[in-house]
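Undergrad: In full-length UniProt numbering, the protein residues as written are 1 to 484.
Backbone N, C-alpha and C fix where the C-beta goes; we use that ideal spot for every residue, glycine too.
Values in this document were obtained by computation on a predicted structure and should not be read as measured data.
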């Protein structure tokens, strides 16, 4: 098989090829080249499981070129394997029956996130012998890997811009999504505010990969941390700082985090999406978790973003319209400190990227509209193993006591411009006051009612702004509650 394909494959009989998920109901194109390489291209989409591919016929123009027609029951997939010079005219090729020996040479492979789940469809042939002889080696088409990183300037460039950066590397030998075997890459740090022009190269080091839900096929998203040329962590590399505090005693507590990421939509004129031109919508009240044309704005983008996160395998756990019209929230988690940060950052990138297609700018500005309008936060749910066990409420109260003594330190790291949001109004506590309570959305730290009644669970830190660095929040909560 081509590089990067998983070892596990499903061998099949002479009459069929069987895949288990993710096949596309539009043509698949493959090319058999004189260089004895058979290229197969598929476009993934979710169909019913246990789709069946029947090997039907084969055409050959030489001992080193071959063509075949493969179809799936219920017309799920049609594929044409043809000489490169005839790909656009594959339907006109003459065909000959496949022999049993030839058909049995076909196999099916895919990208898996675990042993049983096919993550991205790449139906491929393990080996194929044409009627006239000769063996064709199977390789995948070139793979697009989108390298994504943060420039560390969230909130510093105004509402229109964000801290996400990305560029595409084309790999001739595909690598499985989920693998960290993707090569390092460099970028011009002087153009992102991360280096000076006289010594501008910074290094992108892959730390998390997943299927690309926008491009589909076998393409991938590659989240990277930024390194200096000497391979030390760049000053904007907040992810590495979490790793530095994950000592055995911290790992034993199995910390979990859940992020409630709020954001606000703006149109191309930099007006809140859906708001009337030159005016304001109805006062806050009907919009939180609203339904209907007058209550919610921008749902198509929200749904597309949720679907993309699911297809990418991110731990998105929900969405809802927020209190201010044009404002939404998605939730990521529960997950460990590194994983939740990785998933939040990729979910942010997907939101910005899809916004391009919808003509919408999504901002994490903490207070996008002055006046009697809610700001945007990133409420963070946090628990340890001790908190989740029987009697864990004691550990929750102990953690809150520790957090109260480090309030100013946390506030200084919880997002640029957060002082305009934390006013003591609009479901916030005053930035200068630490307050905790049960079911109190005006508190700095809230204990959910269900947690209080059950006597165990988690706490909610309501102080982080929407533009906060999730790696920083996780690190500070661990540092304050478990290391001090």
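#1: What residue range does the alpha helix (DSSP H) around residue 402 cover?
#2: Could you tell me how far apart the beta carbons of residue 262 and residue 217 are, in whole angstroms, since I believe they sit closer than 8 Å?
#3: In or out: residue 189 buried (at least 16 other Cβ within 10 Å) or exposed?
#4: Closest by CA to residue 142, which one among 215, 417, 203 and 255?
#5: In angstroms with no decimal places, state the Cα-to-Cα distance between residue 226 and residue 266.
#6: Just grab the DSSP bridge partners of residue 159 for me.
#7: Assuming residue 338 and residue 239 form a contact by the criterion Cβ under 8 Å, report the distance between their Cβ atoms to the nearest whole angstrom.
#8: Which two residues bound the contiguous beta strand (DSSP E) that contains residue 201?
#9: Helix, strand or coil for residue 474 per DSSP?
#10: Which of the three DSSP states is assigned to residue 381 in this structure?
#11: Only counting runs of 3 or more residues, tell me where the beta strand (DSSP E) segments fall wholly within the segment 239-307, in order along the chain.
#12: Helix, strand or coil: which one does DSSP assign to residue 423?
#13: Looking at residue 229 and residue 201, is the spacing between their C-beta atoms short of 7 Å?
#14: When you compare only the Cα positions, how much space is there between residue 483 and residue 462?
#15: How would you label residue 291, buried or exposed, when you count the other beta carbons within 10 angstroms and need 16 or more for buried?
#16: Which same chain residues, not among the five before or five after residue 221, have their C-beta less than 7 Å away from its C-beta?
#17: Do you know how far the Cα of residue 179 is from the Cα of residue 186?
#18: When burial is assigned at 16 or more other CB atoms within 10 Å of the CB, is residue 251 buried or exposed?
#19: Which of the three DSSP states is assigned to residue 143 in this structure?
#20: Excluding five sequence neighbours on each side, which residues of the same chain lie with their C-beta closer than 8 Å to the C-beta of residue 306?
#21: Please say whether residue 340 and residue 257 have beta carbons closer to each other than 7 Å?
#22: Just grab the DSSP bridge partners of residue 187 for me.
#23: With DSSP collapsed to three states, give me the class of residue 311.
#24: Can you give me the start and stop residues for the beta strand (DSSP E) that residue 461 sits inside?
#25: According to DSSP, is residue 388 helix, strand or coil?
#26: Please go through the same chain and pick out, in chain order, the residues whose beta-carbon is closer than 6 Å to the beta-carbon of residue 422, but skip the five residues on each side of it.
TA: Taking the coordinates as given:
#1: For residue 402, the enclosing alpha helix (DSSP H) stretches over residues 393-405.
#2: Actually they do not touch by this definition, with Cβ atoms about 33 Å apart.
#3: That one is buried.
#4: Just measuring C-alpha positions, the residue of 215, 417, 203 and 255 sitting nearest residue 142 is 215.
#5: Going from the Cα of residue 226 to the Cα of residue 266 covers about 30 Å.
#6: Partner residues in a beta bridge of residue 159, as assigned by DSSP, do not exist.
#7: Right, the Cβ-Cβ distance comes to about 7 Å (below 8 Å), so this counts as a contact.
#8: That run of the beta strand (DSSP E) goes 201-211.
#9: DSSP places residue 474 in the helix class (H, G or I) of the three-state scheme.
#10: In the structure shown, residue 381 sits in a strand (DSSP, three-state: E or B).
#11: DSSP runs (the beta strand (DSSP E)) wholly in the segment 239-307: 256-266.
#12: Note: residue 423 maps to strand in three-state DSSP.
#13: Using a Cβ distance threshold of 7 Å, residue 201 and residue 229 count as a contacting pair.
#14: Taking the straight line joining both Cα atoms gives about 21 Å.
#15: Around the beta carbon of residue 291, fewer than 16 other beta carbons lie within 10 angstroms, which makes this residue exposed.
#16: Excluding positions up to five away in sequence, the list reads 146, 148, 209, 210, 212, 312 and 346.
#17: One C-alpha to the other measures close to 19 Å.
#18: Classification of residue 251: exposed, given that the 10 Å Cβ count is below 16.
#19: In the structure shown, residue 143 adopts extended strand secondary structure according to DSSP, grouped into three states.
#20: Closer than 8 Å at the Cβ level, and outside the excluded window around residue 306, lie 316, 319 and 330.
#21: For residue 257 and residue 340, yes; Cβs fall inside 7 Å.
#22: In the DSSP output, where bridge partners are listed per residue, residue 187 has 202.
#23: Under the three-state reduction of DSSP output, residue 311 falls in the helix class.
#24: Start and end: 459-461.
#25: DSSP places residue 388 in helix when its eight states are reduced to three.
#26: Only 428 and 431 meet the Cβ criterion.
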